[in-house]
Amino acid sequence: MTMPIPGSEVFSSRPVDPAELQASLPSTLATHTVTQDQIDGLDPLTYEVVRHRLWSVTDEMGEALKRMSGSPIVTDANDFDFAISDELGQEVQVGLYNTMLVGAVDLAIYWTLRHRAVNPGITEGDMFLTNDPWVGGGLHQNDTMVYQPVFHEGKLFAWTSAICHEPDLGGVGLGSFSPAAQDVFSESLPTPPVKVVRGFTLQRDVADLWVRRSRVPMLVGLDLRAKVGANNVGRERILALIAQYGADTVKAVMKRMMSDAESRLRDKLTSLPDGSWSATGYQDQSHEGDRGLHRITVTTTKTGGHLTFDFTGTDPQAGVINCTYAGMRGGVMLALLPILAGDIPWSAGG
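If you read the sequence shown in my numbering, its first letter stands for residue 2, the second for the next number, and so on.
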């Protein structure tokens, strides 16, 4: 039911060291950053005002998508989310919708910076689209992300992203799900990041290629434009914030938000007793005709200010019971954010 695909390794995204990623970028892609002294020099009032403004940007992006989308998956089920990331893709502020998606957004941006910075390039007015759960951005192929670089004075300043579950993106089964599928290619085709907007203009050929795979092309086309519109809202609000407070101040707040989230979570972990806890669940019927049980095991170990999740003991992937790294990470975030970080600003990059 599962098999390796030689040549597909390039599409597997993982977290990266920010300094290493920064050093790998071409000289043609200048980035905006700040020093630690600038971060430490923020006054508390400015920090809180700008932090809350960034939080409100994700809320406004969410409202924009819900108002533009005609899909009940978005308007009623809230199966979508948003994020503002720094110049390297680290998530500064995430939305309060489907928080599983938080674990996949930064992976797609890391991959894009590594594989799209030279060809076709990352420039002002671009937006990328992906539904490849190995690259990131979503947990499975129906999760489609549209994301954009935000530039200020020619330098890459931040990223905004909008992601939601699409009702159908092709494949052998309605809704792009099928218990008879033998591999991922029987569902919606995984699409690595492709530039769907250039120079602030939606690329008609790419958009047509995207919606043509669907049994509900008008709905998918509307969702595509809704995500483009939500990103436009995010960009406009971030640039307005820069105009009011200055680029260095806004970036310093973004960096400190992640640093504060990390330190507060580590402090909370340190206050809890060390230990290790395990749990096992079971799923049945991985494909048509299957009568077996499939074990999913996780061991959580807490030591000092560090928390690990170990899935050793989980049965091999089978049929529809499978998960990419992004999906696993999203499942962890779904539990981690509300349980341990309920009183901590959700700067997932920290």
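Even for Gly, the Cβ is constructed at its ideal location relative to N, Cα and C.
Simplified DSSP state of residue i, which is helix, strand or coil
i    : result
V50  : helix
G305 : coil
P339 : helix
I40  : helix
Q23  : helix
R296 : strand
V173 : coil
S279 : strand
A262 : helix
D184 : coil
S272 : helix
A163 : strand
G312 : Per the sequence shown, residue 312 should be read as Phe rather than Gly. The answer is coil: DSSP assigns F312 none of H, G, I, E or B.
V11  : helix
A327 : helix
G155 : coil
V333 : helix
Whole-number beta carbon distance between residue j and residue i, since they are thought to touch under 8 Å
i    : j    : result
A84  : V103 : 7 Å
A105 : P27  : Not really, about 25 Å apart at Cβ, beyond 8 Å.
T161 : G235 : 3 Å
G126 : G200 : 4 Å
A319 : V299 : Between V299 and A319 the Cβ distance is about 18 Å, and since that is not below 8 Å, they are no contact.
L66  : A227 : 5 Å
G351 : E263 : 4 Å
V147 : P193 : Not quite, the Cβ-Cβ distance comes to about 14 Å (not below 8 Å), so this is no contact.
H33  : L220 : In fact, because the Cβ distance is near 37 Å, the residues do not count as touching under 8 Å.
L30  : I123 : 6 Å
Exposure label - residue i; buried when at least 16 CB within 10 Å
i    : result
L338 : buried
Y283 : exposed
H53  : exposed
P191 : buried
I340 : exposed
S272 : exposed
R257 : buried
D82  : buried
A327 : buried
P134 : buried
N99  : buried
V197 : buried
D38  : exposed
S72  : buried
E167 : buried
P45  : exposed
G8   : exposed
S287 : buried
R330 : buried
M259 : buried
D87  : buried
I164 : buried
G343 : exposed
P346 : buried
A244 : exposed
G276 : exposed
Chain D contact for residue i (CB, 8 Å cutoff)
i    : result
T325 : Of the protein chains in the structure, only one exists, and it is not chain D.
Beta-carbon contacts of residue i that lie in its chain and below 6 Å, excluding the five residues immediately before and after
i    : result
A181 : E289
I297 : G282 and T315
V17  : Y111
L108 : S14, G137 and A327
Beta-carbon proximity list for residue i, same chain, < 8 Å, skipping 5 on both sides
i    : result
R214 : L170, G171, S189 and L190
G42  : A253
L270 : K303, G305, G306, H307, L308 and L341
V11  : H116
Q204 : K196, V197 and V198
I6   : none
Cβ neighbours of residue i in the same chain (closer than 7 Å, five flanking residues each side left out)
i    : result
S179 : G172, V173, S187 and E188
G332 : M101
F310 : V299, T301 and V333
V35  : D249, K252, A253 and K256
Residue i: CB within 7 Å of a non-hydrogen atom of the ligand GTP
i   : result
D80 : Among the ligands in the structure shown, none appear at all, so the ligand GTP cannot be discussed.
Worksheet item: What are the uninterrupted segments assigned as beta strand (DSSP E) that are 3 or more residues long and contained completely in the segment 190-257, given in chain order?
Response: Fully contained in the segment 190-257 are the following beta strand (DSSP E) runs of length 3 or more, in chain order: 195-199.
Item to complete: Mind listing, in chain order, the continuous beta strand (DSSP E) runs of no fewer than 3 residues lying wholly within the segment 46-128?
Response: Runs of the beta strand (DSSP E) inside the segment 46-128: 81-87 and 92-95.
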